[in-house]
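Here the working numbering is used: the first residue of the sequence shown is 50, the next is one more, and so on.
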Amino acid sequence: MKRSFDNLAKAYTFLERLTFGHQLERSRNHGLKALGSDKCDRCLILGPGDGRFLNLALAKNPKLQIDSIERSPKMQEQTSARIQKLGKNYMNRYRHIANDARQYSFPDSEYDCVVAQYFLDCFKSTDANALLEKFAHTLKSNGKLIYADFTIPPKVPARWIANGIVGLLYLCFRLATDIETHRLATLVWPESLKLISRETRLKGLVTSTIRRKSPTNADHWAMSRSDFSATES
Ligand SMILES: C[S@@+](CC[C@H](N)C(=O)[O-])C[C@H]1O[C@@H](n2cnc3c(N)ncnc32)[C@H](O)[C@@H]1O
50 MKRSFDNLAK AYTFLERLTF GHQLERSRNH GLKALGSDKC DRCLILGPGD GRFLNLALAK
110 NPKLQIDSIE RSPKMQEQTS ARIQKLGKNY MNRYRHIAND ARQYSFPDSE YDCVVAQYFL
170 DCFKSTDANA LLEKFAHTLK SNGKLIYADF TIPPKVPARW IANGIVGLLY LCFRLATDIE
230 THRLATLVWP ESLKLISRET RLKGLVTSTI RRKSPTNADH WAMSRSDFSA TES
């Protein structure tokens, strides 16, 4: 059997609920509140897996256009099948744009929202941090990064238990998939991404955050120029 996320695609929801109940779903759904606003039109989802969050996002915001980057064809099939059940109008708002996130050239300031849920845990620290920089780059100013993943809480005994669970998860993922790492990446958050909301579950084993990209000096400059032209005219 070739190791790939394809092997997990059909059983993914079942296995997740068997191990964590609905806790991981709840941790993803924390991000939904960032998608409801009028200013959120374009969203990029990295490794949407079987597409449960992607479906909820399409349903939550009827204006939202979603692009996805997913390497596993079978996971992608699961996502498309879910959206098709919702109807044609939903399918028109979804595009699969690339397979491997590491090979993709992320466009500058393109998205109102980028979603990385249980995705950065697939990479070694160097790759995960390079991707984080690319997410910051592809977000518009004031755009939001929605993140959820396993984390190791600082205090014992929760720390020991979390290390045991995460170690076991990596063992299983390495048997079934082509995941290249065996530990959680140490993330260095780009300075431009300011934390605006954080929620933890399972005594700190999972963390969900929403970060907002602060406007750059160039944005401030462009804004003050447009204010100036507005007063001039
Ligand atoms: C652990 S699953 C998480 C799926 C989903 N985001 C969730 O919250 O359940 C990781 C997903 O990322 C995809 N993936 C892993 N490496 C990838 C890469 N380099 N580029 C794009 N997708 C990737 C896998 O195929 C899988 O669907």
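C-beta atoms are modelled at their ideal positions from N, C-alpha and C, and glycine is treated no differently.
Taking the Cβ atoms as the reference, residue 243 lies roughly 12 Å from residue 188, outside the contact range of under 8 Å. In this structure the segment 166 to 178 touches the segment 90 to 99; the number of beta carbon pairs closer than 8 Å is three or more. Residue 64 counts as exposed, since fewer than 16 other C-beta atoms from the protein chains shown sit within 10 angstroms of its C-beta. The alpha carbon of residue 74 has as its nearest neighbour, out of 237, 102, 110, 107, the alpha carbon of 102.
Taking the Cβ of residue 118 as the reference point, at least one heavy atom of ligand 1 falls within a distance shorter than 7 Å. For residue 77, the three-state secondary structure derived from DSSP is helix. Using a 10 angstroms sphere on the CB of residue 154, the tally of other CB atoms stays under 16, which defines it as exposed.
Assigned with DSSP and collapsed to three states, residue 83 falls in helix.
Counting only runs that start and end inside the segment 155 to 226, the beta strand (DSSP E) elements of at least 3 residues fall at 160 to 166, 188 to 199.
Of the residues assessed, residue 164 falls on the buried side of the cut-off, its CB having 16 or more other CB atoms within 10 angstroms. Classified as buried, residue 119 has 16 or more neighbouring CB atoms from the shown chains inside 10 Å of its CB.
DSSP, reduced to helix, strand and coil, places residue 58 outside both helices and strands of the structure shown, so it counts as coil. With the rule of 3 Cβ pairs closer than 8 Å, the segment 110 to 119 counts as touching the segment 128 to 147.
According to the DSSP assignment, residue 143 belongs to the beta strand (DSSP E) that extends over 143 to 147.
Where residue 126 is concerned, the enclosing alpha helix (DSSP H) starts and stops at 122 to 135. Taking 8 Å as the cut-off, the Cβ atoms of residue 107 and residue 139 count as close. A Cβ-Cβ contact shorter than 8 Å links residue 236 with residue 177. With a 10 Å radius around the Cβ and a threshold of 16 neighbouring Cβ atoms, residue 175 comes out exposed. Across the structure, residue 69 and residue 218 are spaced so that their CA atoms are roughly 12 Å apart. In this structure, residue 144 has its CB at a distance of at least 7 Å from all heavy atoms of ligand 1.
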